[in-house]
Each structure stands twice: as structure tokens, then as C-alpha cells.
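Sequences listed follow chains A, B, C and D, in order. Here numbering that gives the first Met the number 0 is used: the first residue of the first sequence is 0, the next is one more, and so on. Here numbering that gives the first Met the number 0 is used: the first residue of the second sequence is 0, the next is one more, and so on. Here numbering that gives the first Met the number 0 is used: the first residue of the third sequence is 0, the next is one more, and so on. Here numbering that gives the first Met the number 0 is used: the first residue of the fourth sequence is 0, the next is one more, and so on. Idealized CB from N, CA, C, for every residue including glycine.
There are 4 protein chains.
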Amino acid sequence: MKNKEHIDTSIMSLGPAKITSPIGAEGGGTRCFVSDKERILVNIFESDVMKAVKNGKKLLSFERAGPRCKIYFDPSKLRCAVVSCGGLCPGINDVVRGIVLALHHNYGVRNIYGVRYGLEGFISSYGHELITLTPDSVLNIHERGGTVLGSSRGPQDIESIVDALERMNVGLLFTIGGDGTMAASVEIADEISKRQLKIGVIGIPKTIDNDIYLIDRSFGFDTAVDVAVNVIRSAHNEAISAPNGIGLVKLMGRHSGFIAAAATLAMPDVNFCLIPESDFDLEGPKGLLEALKERLIHRKHAVIVVAEGAGQKFFDNKPKERDASGNIRLNDIGLFLKEAISGYFREQKMPINLKYIDPSYTIRSVPANANDHVLCGFLAHSAVHAGMAGKTKMLVGLCNNQLVHIPMEATAGKRKQVHLFGGKWLSVLETTGQPSLKN
Amino acid sequence: MKNKEHIDTSIMSLGPAKITSPIGAEGGGTRCFVSDKERILVNIFESDVMKAVKNGKKLLSFERAGPRCKIYFDPSKLRCAVVSCGGLCPGINDVVRGIVLALHHNYGVRNIYGVRYGLEGFISSYGHELITLTPDSVLNIHERGGTVLGSSRGPQDIESIVDALERMNVGLLFTIGGDGTMAASVEIADEISKRQLKIGVIGIPKTIDNDIYLIDRSFGFDTAVDVAVNVIRSAHNEAISAPNGIGLVKLMGRHSGFIAAAATLAMPDVNFCLIPESDFDLEGPKGLLEALKERLIHRKHAVIVVAEGAGQKFFDNKPKERDASGNIRLNDIGLFLKEAISGYFREQKMPINLKYIDPSYTIRSVPANANDHVLCGFLAHSAVHAGMAGKTKMLVGLCNNQLVHIPMEATAGKRKQVHLFGGKWLSVLETTGQPSLKN
Amino acid sequence: MKNKEHIDTSIMSLGPAKITSPIGAEGGGTRCFVSDKERILVNIFESDVMKAVKNGKKLLSFERAGPRCKIYFDPSKLRCAVVSCGGLCPGINDVVRGIVLALHHNYGVRNIYGVRYGLEGFISSYGHELITLTPDSVLNIHERGGTVLGSSRGPQDIESIVDALERMNVGLLFTIGGDGTMAASVEIADEISKRQLKIGVIGIPKTIDNDIYLIDRSFGFDTAVDVAVNVIRSAHNEAISAPNGIGLVKLMGRHSGFIAAAATLAMPDVNFCLIPESDFDLEGPKGLLEALKERLIHRKHAVIVVAEGAGQKFFDNKPKERDASGNIRLNDIGLFLKEAISGYFREQKMPINLKYIDPSYTIRSVPANANDHVLCGFLAHSAVHAGMAGKTKMLVGLCNNQLVHIPMEATAGKRKQVHLFGGKWLSVLETTGQPSLKN
Amino acid sequence: MKNKEHIDTSIMSLGPAKITSPIGAEGGGTRCFVSDKERILVNIFESDVMKAVKNGKKLLSFERAGPRCKIYFDPSKLRCAVVSCGGLCPGINDVVRGIVLALHHNYGVRNIYGVRYGLEGFISSYGHELITLTPDSVLNIHERGGTVLGSSRGPQDIESIVDALERMNVGLLFTIGGDGTMAASVEIADEISKRQLKIGVIGIPKTIDNDIYLIDRSFGFDTAVDVAVNVIRSAHNEAISAPNGIGLVKLMGRHSGFIAAAATLAMPDVNFCLIPESDFDLEGPKGLLEALKERLIHRKHAVIVVAEGAGQKFFDNKPKERDASGNIRLNDIGLFLKEAISGYFREQKMPINLKYIDPSYTIRSVPANANDHVLCGFLAHSAVHAGMAGKTKMLVGLCNNQLVHIPMEATAGKRKQVHLFGGKWLSVLETTGQPSLKN
């Protein structure tokens, strides 16, 4: 958190918002508008705050999300577009639904388009048709996993995208996607600005790994943990049902082990939780293999959860591939561990029964659970309020349990990770009882 | 939030903690201890904070929870007791399990007792035997609803309780319960202090209604919303399957409509969400009945969710009863609405099909979901760390997404409610499209 | 099973089927057609069969369901209608979907109508519009509970219904409903016959109670048991969590206790299972109250499951009401037991904690589970094959695990019940350990 | 079904049963005993039965299961053992629980042992201790997946097993397992017979694939389909969310495609269902690849379900391995198809998005669903009744919806398969719309 103070948290805008907002629930005459001056502190440790104030330092804070009393766009003329990019995540349909309903019912916007299959949908050569989104067409989509818009990986030419926005006469674009999509959104906003267009770009960050910098919890994460818990339960049942049974589960988590850690806390039959943030050795007196052997000798079974990004050091000599989004294709730590463990115990002449489970896409293609339904609705509403107010190049998210506006560039290139000296990881270690696994 | 500044947030202690803690996960030599000086701000609005600082006012903050480097009790001699009181809530078994495992594995405490059937368990005339709690006996209890300790409602004689604690030679008591239990815990702590005993009392507040003052989210709430969502889905299916179908669902929420509001946000087929915080009229041009008729005429079906504490004004002339916990027994708004709606449309000669669902105990007696499993584990660990450090007369909870210590008296007699001009209720109104329902 | 031999099991037909069927999966040149001569025995006890054969008695058997090689209707000209009547049951949407897809894809029928809100939909004064059903419109409806057609209770004028069928030019009507609907279907078929029309009427019997005479299992029953099991688990959790805790659950089952019995077998924490078929006393040395007291003294908690039709003798002096379908409105045995038990233990000065759960509509308005999805598909396909072949006044169902054609009148006015000397009820008694409960 | 008539269906017995059974629910004086003369017909087609009778042929039938009025063993002296072998299957714990409770409560047997880790548990060199099974120890095990006894694959020395039975003084052995286990059970019974011991061997056949010859449905199958449906839903969500999205799911089914077929019927978004019974080509104008391309061109997405035993012809040149149970280790058709499809479309220069899901152990290690809970209870009760009556070398199962006794050898070496010209497969073909896939 050292350099957080240097982040610029001011939100860009297309121009002054001058139209009186049509929304706001009346309650005894008061409307529920939020002022741009309402800002939420990022660091909420009292001593840090006091020290900063004493030293005359600016406190890092984010604009609070919510409806503004003046809006920038004339709803009757506005055309909006929504696009979802990258891998699936529970709740994308909730976000799409929430955006459409809020634009339609709260602001009276009547022209809303779904861009098909991610950024591909802007590029005419792919031949993907736009979808017209209406309250009726999105009514029940939140009950289904996936994305009704379709998605795709990978970048597209920024100028062509902005050409398409101009051609479609879109005033407000909502982008649902991960790191790469937010980076592309920044470039789109910059190109828009360069062309002096009045098109707002609002991001709803999507990452099932829950690794967005400065954001408490991203949508879909809690649902993924729900599913992961069931997979671990299966692995545990396999492990206890065989002599020297080992249940090995690979979970999502490229750079951050939040799913693995949360699932371990929720399903505390896990004995070893391996995440990218925490280095571990395989061999040697304190390595995983020896610790696993100890466990089997004493308890006759073991459950191991490994995040896909853990232990990548074991592949240091292997060439790195990249997927369509440009992410480095990780080497498969699950299969690697399966082989390594099997080989080790074969050498030790100790028969084991290893059951490897890779739930893969089943974690991410389910509908949102209740908690994520609620979060997605809040994010969608916040995105619409921000967009209608003329804000741009920003995303919405939860910070210290409050919905806030964050400049897209503030989270770019950084990543939230499991803090190895924090309470969550300490709880994981207490739950598993696992040793350091480092020689 | 006006008078929050006057709350005394300092935590009482049995005496200086002098024993070196056995716990703390090593990570490169550093242990993960938390200092009492780490405090979390309650009000995290930047302008409020700046104004307070300028005016020289103290900022309201809570001690951060977590393991302390020095502890008060000698684990090898300590005897601990756990008691659960009041109505069921998903996750009680998780909390019990977490306390037992943390005491045993982290601190080496070997004598842990479960007090049966709430405060009754301290009173010998009831004849309830203590349970010995061990890691083995609690291993799988988190997968079951209810409480393995048993519970009961209502107060018991405080002096007799402290007599029992003395007789049992208990040094640390963990109380899991609601308002009444926390009030009793204060009295117990005061009696302990009067007798100059060295017994710590740590509370883990339990309320399925999520209405604890100053606390973000209490355990079991998220699970209850999960179940409520399924009930609303049933009501919706009933409503759409009959001409002029009305699905009417009563949910928990004596004084606060958080379950009703969250379930409405998660299952947005609700057309009217009625909560204690928001007054509504039944009759008259803007009343519920007229609005319901409008809805049926236009859409042919309707779903109504009512929190049990809503609309109690309709029973003003009825005598109030109290339950064993001393809570005023609410008049049944669900059955009242069922009759009122049926009568109204009978008069209007408009045939309807009303299906009333009262899920009652099915909301609260299920096992915790993944999210609540995690929260319960954190609360249990935090309670144990606090208790071992010699703290007393305090409870643990989430504040601004951080686990903190709160003096029991700080939350007593107050209650968190749905803020009618806040973002959550605004989202509910946007989702349902319901009018003010006030003439 | 005494008089089963007197049932006429021959299937009526609109006339000879002369058109070559367009369907049948090719497999090495053979098509999968079923002949009317393939008949399934009803009584499959070897000795009964041998005795009947020796005595020259005809064996009772049903035509096997399945595609016929000749069909009666010209698909290109045929108009079909589907109607769902009575209370909800999991799987109605599956049946509707299956009928539409089979008519469309297998036979090429292009005009399929949904009649809205049960028999009301035929009566113009109600003003319910027909729905056009297409493969697209029914694609995902099986994932939702309720019925997309809507339903209603109660009879309508038969002549008006047939007038409507004539006006709509319908050749094939599929009726989904219970006893009353099948009785109405018989009358409709008779009126059609009287008018010498060529309209087939095929029934898909619906009863969540699983009490259709001669039929193994009706759709929705298995799903209802799934839900009931969760409710009983909640009741058990409540019971064990309080001193002398009693969980009392009321389940569906007007005349037959199949849901209560199956749920008890699936969730064997039930101590008393009360069904309509098995008389029981409340008072007296062998009555329920005394047995319950015994149970509480020895085990401290108890779970009671009562089918809604059980113990109706306790209301003998009360006037009987009827619902819109003409069913006698049962007096509420759940509330009655709640009061009776509470009163008894109050008198006995033995404090208890009774938690009463009436899951009501939540049992029936959920989507079908996998098993019912499959059954509904089979029933729908069977109904379409039968209808296209020109059969009428019959229903489809499972008999000895085979899909068969049953004349509507064969099941009318009779009812399957739990056999008190059969293996299922014996297993229930073994599971609960409950005594006879009769003085 | 040609040679069914030659099966010997008479049940072996240890000797005459002479002790009056302690069980039987009294109902007006009548006990619910079943006579050995009650037999259930296997072929229930009327014409087949009539033809057989006319030709003087014996009808194939099975003894009906249930309590006998005389038993063979003196319960107070009897020692029983239960063993579970082979791969996991939902419901094993239910069967164990049901056996223990029925032996204890119905017959008063007090010495029941669990043999650990399959047949290994009989062989002292493995060092697995016996478990004492009591009503208390099995009370809640049905709520957990796996097997509390543990399991293992592979044969053990038959003589050593019978030595162990003698040493343990066991009179009644219950074996839960698949093909191999039933074959071993036959050998054990033969060795017992050779030694002139009085030890009964009763099998409860276990196969998640539902492929036991002559048996309607084996336990765990329905639960497996429940889980498979969710996996297919995920695959479908992946497929529709990407341009030319293909969801490919591998399900269990070594020799029989029942899980794949039932899951396809329950989750009708599947476009290609590939099972071992139905040969298919990959290449060529009618092969899978061409059909898949057609599908993508017209509908832009596709879902493929493949049973693990399908398409093994593609591996004809590969050497066959065997697992510990002696089963031929199948080559991985899932990965093979993944590669073949990817390669084909790469060649075709048609970009696709293939998502491969192998749910592996998650299908089989879950707890039984309600339907399987009930079936497992019936099987356990039937096994106990049969064993107590002195029957041996037989297994229990459902035939034409009735619980029956089947000689172990009658099902040995045969296998139930999906009938390619039967109604179920026809329904699958109608649901998927898939062509023959054969050139």
C-alpha cells in the first residue's frame, strides 16, 4: 500500500452535466442524490490517516457512486452499447440486465445495443450483428450462466472500434471485462478524446480471481467459491474412501490465490493450500512431498488445493505460450503435481490413491448466487448513474464496502494479491495446519 | 450516525497480557501479530474525517482484531466455555467449531466445554449436562444446520450464571447470541468484575436480521438470503401460473428489512417489498391495495415480499405479547395482508389467486453457505485471539470490511436499519418499481 | 388389486391410421416403431399370471407407448392445443416443451397453441388469449417452475370447450391435469364423439401426490420429495437445537401419503410419519401424544411429518368446504397437531419447543429435477405419438417401468394409496421406529 | 433378451430357516411377510408370456424380496460384516447405514463389523483394522459422499478372505461392489460351500453406469445424472458465450451410455450424444466432424456429450492397459475428440472455441439424492431380510420396479446396454436431432 498516495483518483468527465436527472426515489421530499464531493477513504487505519493529515498529505479517496442530480446526456436521444469480453464469470448477465433496466426505467433511454462476442463485435469483418436490448429481452437472463452477448478474447484495432461507435452513434459504452479489456477501454477513451467525441466509457471490471487492485470483491468471485467448495468436498470424499487417498484439486487463480484461499476457509478439510503468492518447495525435508508423506502416515488421507498460478517456478525451463488475450499460458501445475506426487510415492514404495479433479469451466459458467446477484445489480446501477452523469474512463467497484468510482488507470497494471502476513492467509494456515513448505 | 462520536470504543481487559503467544504463522521470520494501536475508522467519508480532524474531534474507530503477541491466559491451565442462545441462525456450528479448533490448535487449550441449551445450561435445576468439545467432536459440525450445543430463549439469573462459571473454573466464556444475549453478557461481565474474578467474556453477535449497529454483516444473513431467494422464485412461479396470481412471501426481519431488501435485489421478480423501516398505507389512492390492483390490471400477476416487522401499525389496537426472550411478539403481517388483499379484491369483484408462503424456520436452520462459512471462521478466530489476549466485555464483528473489537455496550440498545435514502433502498425501489404506497 | 381384471384397457381411436409416419430413427434399416399388439402386463406376479392363464382369464395389460408406423393426421394440416389445469406440479413446462418439440421436429406440425389458464382459456368470456407455441418459445421453459400456459382450477362448460375446439379447428388436444381434468377430458371426448368430430384428446396425468391408480410414478413427485427432504432436515435441525425440541412438518398428500413416506425414507430423521392411509389416535396410552412424550423423555427431540390428508377424523364435526376444483377443503391437520401437542404438554407441565413448518407451495413450484425432466420428456413424446396415431380418450403413464396407454376411464375415480402391508410402509415403520399409534 | 429363459433364477440357501422372525409391522394382526413363492416376471410383454405358457415353457421370474416369517440365524449370536469395493458411487454410505440399522433394530443383531478398504480389509498384511458398526456410528453417514468403510480396487486371495471370515466368526457377509466384486463374492460363496461353512454372502450391486444385467436401476445412477446435468449446463453456457463455441463433456459409462443418455434427456441442450453402444465415424461426409461443422454454421454453437467408453475403435492400434480391478484402461476419448475437433477446424480455417470439461470424480463422490436415498434403503433392507433368511450367493435389485433376489451368477459376465432401437435412445435422437454419424 506504500505508493497508493500517488494514485490520481479524480474522475474525468465529458463536460458539465446540466440536465436535471429524472430519477431519485422521493421520500418525504428528499431525493437520494450523491454529490461528487462525497468521497470514500481508501486507507481506513486511524493512525495512517492521522499521520497523513498531520503531514499535510492528501488522503487517497474515491468518489462515491450513485445517482447525480444533474446528468450529461439527454436520455431521449442517447444510444448506449454494452460489451462483455474475456473469459466467463458468474454474473455477467446480471450486469447486462441491470444496465439495461436502469437505463430504460430510471433514465428513459430507449436505444440500447448489445455488442456480440466481445471486441470482435465492433469489427465488421467478423460479421457479428448487434443485439437490441430491451427490458423484455433481458428479463430472465440473470438466471443463466454465461453471457447472452457472447464474449471473445484478445485485442482489436482501437481506431476501428471508435469508428464503429461513431457509426452506431453511441454516446455511452459499458465494457465488462478484465485487465485487458480495461486497458483497451483506456485506449478507446483516449482515441475518443483525441477525436473530440462525446462518448463516455464506463467499465465494470470482471475477474473471477478477485485480484483487482484496490477493490474489495469483484462480481462472480463468491459464486466461484461456492462451486469450488463442492469440488473440494468431492475430493475429500475420494481421499477418505481409499487407503492413502489423496484428493488433488486445481482451482482458478492465475496470479492471486483468493479462490483457493476462500474455498479452503469455507471447506476446511483441505490440508495443503498452494497459491501463487506463497512459494513452496516440492522436494527436500520441508518440501510438499515430505509433508504429504507425514500427513498420510498420521492421518491416512490428504486434500490438496492448488491455484493454477502456483508453483510456476517448476516450469522455468519451459517455453511460455500466450493465449488469445495475450495472457501467458500457464503450465499445468495440477497435472505436474499429480505426476510428481505419484512418482515420489512410487519411489517410496508407498501405495497411494490419488484422485485429481480439475473443475475447469464449471466454476465460472454457473449463474450468480444471491450475493453476486446483489453485487452485480449495484455495479450495473452505479455504472449507469456514472455514465449518465457524463463521467468517463472510469470503472465502478466496492472499496471498503462502499461503491465507488475509480479511474481506469488507477487499477491498471496492478493486482491485488493474498497478503501473506494478513489475517486471511493466517486463517488459511491455521485451518490447514500446513507448514511453510520451504527448505 | 449523528451521535456515533460519543461511543466509547475502548476495549476492557482483565489485566496486562504477559505471556508470549504460541501462535503466528512464520513467514520469513515475521509474525502476523496485530497491535492494539491498529484501529479502523468507522466513518470513512473523507470530508467528515477532515472536518473532525480540523475541529480537533476524536475520530470514532475500533481496535482491529487478530492475534496479539502477548496473551493473558496460560493455555495449559485455561478452561473455556461456549454457549449459544436465542433463535437459530446459519453458521452457529461454524462458530463453535472455529472457537474449539483455534483454542486447541493455535493456543494449546485442552479444556473446552459446551454449555447446553443457552443460558439454561448454567442453571443446575434444568439438569443439562456440559459437553466436552474437542477437535474430533466438532470436525464436521459446520456441515449441519442448527447448533450442536442446543439453544434456548430468555434470561437466567446472572448471579447463578457467574456461580456456575466459578464452579466450572472457567477463565474464558464465548457467548453466541443476539441483543438479549449481549445484554446478559454485559451483566455477566459486570458481575464478574464485581466479584473481582478473572474471567473474560467475548461475544459473537448473532442476528439473522443483520441489524447489529455498526456492523457490516452478521453471520448467517447471506445464507438466509440464499434461501429466501428460492422461496421468492416459488412465489413468482405461482403468481405467473394463475390468472391474477399473487405470490405473497413473509420473510424474517423484526425491526430491519435487510433480508427482504437483499432478497428482492437478488431475485428481482418482486413488485412490492415491504419493510419495517418504510411506512405504507393499505387503503386510499396511493395505498398498497390500489397499487396492487393497478399492477394486476397491467401485468396480470404480482409478487409481494413482506418483512415480519413491517406494517405493525395495523395492529396498534391489539395487545402485545412477549416471547420467552422478552421480544414483543409481532402480529402476523403475512396473514393480515393475505386476508386484507383477499377481502379487497372480493369487494372489487376481481377474482385473484393469492398464494401465501411463510418459509418460517427453513430460512434459519440450514447450514451456512460458503460465504458465511468463511465469515464464521474469521469471527471465531478473532474471538479466540481477543479472549486469549485478556480482553473482555467485547464482541467481534466486521466494520468497513475489517474484523474489529467492539465494546458490548457500544451496540447495545441500538439497531442498524435499512437507510431509506441510501443506495440499497434506492436500488430496491428501482428494481420493484414500487411507488411510495403513502397517501 | 382384486378387481383389476374388469378394467377395459382397450384404447379408442378416431379411425384407422393410414399415413406413413415421418419419424423413426434409422438404425441399420430398422425403424423403432411400436405395434399396438405390444402390451405390458399389469400384474407381474408369476403365480397370479399362471393362475389366470389356467383359468382362461384374460390378463390385464396396457398398450405399450411409442411411435406407430402409420399416423392418423396429416401433420401439415393439423392444429394442436395444449392446456394445463389444476395446482402446480414440477415438470408441467417440461411436458409442454416436449409436446411442442415432438410435434414440430418429429411430425412437422406447425400450428400449436397454448390455451391459457386451464379450462378458462376455452371460454371466451374470460378473455384469455391463446399463445402460439414454437420450438423457440419453449426452448428454455423446462428450467422454470410453474406453467408458462397458466392454470386454473374448476370445471367449465363442456359444450363451450368443444365449441372452442371446433372454432380453433384443433385436431389434437393435450390435457395436463389431475383427476378433475381427466374427468373433464372424458366428457370432452364424449361430446366430440357425439358431434362426430375428429379431435383426439390425450391426457398427461398430473398429481404431485403420486396417487394415480395403476401408474408407478407421476411426474413432479420425485422433485417434490427432493424439496420435502430439505424441509425435514430443517425441522430436524430445529428439533435437536432446543430442549425437548419438536419439528413438525406438514407435507402434501390429500388422500395418499406417498410424499410423506418417500421423504421419510430419504431423510430418516423422522420419528413419526402420519399419512391418510394409516389411522392414528391422539390420546390414550398408545396415542401419538403419549408416544411423543416417551420419545422426548428418551431422546430429547422428535420430528413429525404429517401428510395434509392424515387425521381428518379429528374434524368430523366440522363442516366441509370445497375449493374451486370441487375438492373437499381439508381441515388443517398441521395447525391442529401443533395446538394439540402444545396443549398436551402444557397440561403435562413439560416444557417443549415446537417448530411448525408448512412448506406449502415451495414443494410444487420448483423446476423438475433431472429424473422428472426425463420422465416428462418420455410422457410428452408418448402423448404425441399416441395422438398422431389417432388414439383418443387415453392417457400416458408408467406401468411396471414401461410407458403405456391407459384409457382415461380406467384410472378415473380410483386412487393409488400407500399399501399398509407392503414393503414401502414397512420400511417407513422400520425407519421411524414408530408404534401403531392406535389404542 | 433371447436367452433369458436359460437363466437359473433359483436362490441358494444355507439351510432351512426355522427361527420365527422378530420383525414385521403389525397391522390389524397381519404381518407383512413375503413368501418365497412370490415371484416377479422378468419379461412382462403379454404376447411373450402367452406364447411361453402355450409352449409349456417356464417363465423367467425372480423371488420377491422382503422379510421372511422364518429366519436362519439366531440374531443374538450372529456376527455380520459389510465391505465396499471398487470405485465410489453415491449412496454407499446409505447402504451401509441401512444394513446396520435393519440388522440392529429389526433383528436385534449386535455384532456388526465394517471391513476397511474393500477386500484388502480381509488380508491381515495390509494392517487395516475392522470398524465396529453401531446405529450411533452410522447415524448421519448417509449425508456424506464416499464410503466410511473405505474401498479399494482389485482382487484378493479368496482362501485368505474365507480364512478371515472364519477367524472373525462372521455368519453373514454383505458385499457392496461391481462386476468384479460380485465375481469375487461368487468365489467366496463357493469356497464357503467347499468348506461346509454356514456363512451367507449377499451382494448389493454397485455401478454408477447402471449397466447391471436384468436390473432396472442401480443405486447412485440417478444422483450421477443430477450432477452430470449441471456440468452439461455449464458446457452449454460456455458454448453459447463464444463465437463457434463448442462445449465438450466427458461422462462416465465404460460399456453403457446410460448416464450420457439420461443426462441428455434431462438437459436437452445437447446436440451430439456419443455412447459406447452406438458406433460413429469421425471423418467422411456423415462423420461427426462434418455434422459438427454443419451445426456451427447454422446455430453457431454446439454441445457434445461423450461417454468414456464411446469411440474406443479409434484406439485400436494402441496397447491396452488394465487398472487395479483388472478393467481395461480406456483410452481417453474426451481428450482425443478435443484434439481431433481442434485439428479439423484448424485445417478448415474456421476458428472455434472449444471448452472441454471432464467432471471426473465429482460425479460419483457426492451424497445420494432423495431418490437414491430411498433406493439404497430398500436395497439394504432387502439384503438384510434375505441374509437373515439364510439365503446366499445372491444379490438384491430392482426388476420391473419390484425388489427381487437374483442369483449372483445370473448377472455375471453380462451387461445391460442402451437399446439402440428402444424408446430411450429414440428419445435421445429426437432431443439432440443428431444424424446417424455413420458413413
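Could you tell me which of the options sits nearest to residue i, measuring between CA atoms?
i: Ala-306(B); options: Asn-105(B), Asp-357(B), Asp-35(B); result: Asp-357(B)
i: Glu-289(C); options: Gly-342(C), Gly-325(C), Tyr-360(C); result: Gly-342(C)
i: Ser-426(A); options: Asp-7(A), Thr-131(A), Met-266(A); result: Met-266(A)
i: Lys-354(D); options: Leu-40(A), Gly-55(A), Gly-86(A); result: Gly-86(A)
i: Ala-183(D); options: Asn-168(D), Phe-121(D), Met-349(D), Ala-238(D); result: Phe-121(D)
i: Cys-375(C); options: Leu-100(C), Ala-323(C), Gly-14(C); result: Leu-100(C)
Three-state secondary structure (DSSP) at residue i?
i: Pro-406(C); result: strand
i: Lys-69(D); result: strand
i: Glu-25(D); result: Because Glu-25(D) sits at a pLDDT of 47, beneath the cut-off of 50, its placement in the model cannot be relied upon, and the point is left open.
i: Arg-78(C); result: strand
i: Lys-17(A); result: coil
i: Phe-257(A); result: helix
i: Ser-504(C); result: No statement about residue 504(C) is possible, as the shown extent of chain C runs from 0 to 438 and does not include it.
i: Thr-131(C); result: strand
i: Ser-151(B); result: coil
i: Met-49(B); result: helix
i: Ile-327(C); result: strand
i: Tyr-212(D); result: coil
i: Glu-320(B); result: strand
i: His-300(C); result: strand
i: Cys-375(B); result: helix
i: Tyr-355(D); result: strand
i: Lys-423(A); result: helix
i: Ile-122(A); result: coil
Run down chain F in chain order and give the residues with a C-beta less than 8 Å from the C-beta of residue i.
i: His-104(C); result: Structure shown: chain F not included; protein chains present are A, B, C and D.
With a cut-off of 8 Å on the beta carbons, I'd call residue i and residue j a contact; round off their distance for me.
i: Met-387(A); j: Pro-406(A); result: Contact flag wrong, Cβ pair sits at about 18 Å.
i: Ile-440(B); j: Val-269(B); result: One cannot answer for residue 440(B) here, as it falls past the ends of chain B, which runs 0 to 438.
Query raised in the report: Taking three-plus beta-carbon pairs below 8 Å as touching, is the segment 59-68 of chain B in contact with the segment 186-204 of chain B?
Result: no
Report task. Select from the segment 230-253 of chain D all residues with a C-beta closer than 9 Å to any C-beta belonging to chain A, and list them in chain order. Result -> Val-230, Arg-232, Ser-233, Ala-234, His-235, Asn-236, Glu-237, Ala-238, Ile-239, Ser-240, Ala-241, Pro-242, Gly-244, Gly-246
Report task. Could you run through the segment 187-200 of chain A and flag, in chain order, every residue whose CB is less than 7 Å away from some CB of chain D? Result -> none
Query raised in the report: What residues from the segment 356-380 of chain C come within 9 Å of chain B, judged by C-beta to C-beta, listed N to C?
Result: Ile-356, Asp-357, Pro-358, Ser-359, Tyr-360, Thr-361, Ile-362, Arg-363, Ser-364, Val-365, Pro-366
Requested in this report: Could you name the residues of the segment 116-133 of chain B whose beta carbon sits closer than 8 Å to any beta carbon of chain C, in the order they occur along the chain?
Outcome: Tyr-116, Glu-119, Tyr-125, His-127
**Report entry** Interfacial residues, the segment 386-410 of chain B to chain A, with Cβ spacing under 8 Å
**Finding:** Asn-399, Asn-400, Gln-401, Leu-402
Report task. Taking 8 Å as the threshold, find out whether the segment 274-281 of chain A comes into contact with the segment 250-265 of chain A through three or more Cβ pairs. Result -> yes
Query - Interface positions of the segment 139-154 of chain B facing chain C (Cβ-Cβ less than 9 Å), listed along the chain - result: Arg-143, Gly-144, Gly-145, Thr-146, Val-147, Leu-148, Gly-149, Ser-150, Ser-151, Arg-152
Report task. Would you be able to state if there are at least three C-beta pairs under 8 Å between the segment 118-128 of chain C and the segment 145-165 of chain C? Result -> yes
Query raised in the report: If you pair each beta-carbon of the segment 365-385 of chain D with each one of the segment 220-230 of chain D, do three or more pairs fall below 8 Å?
Result: yes
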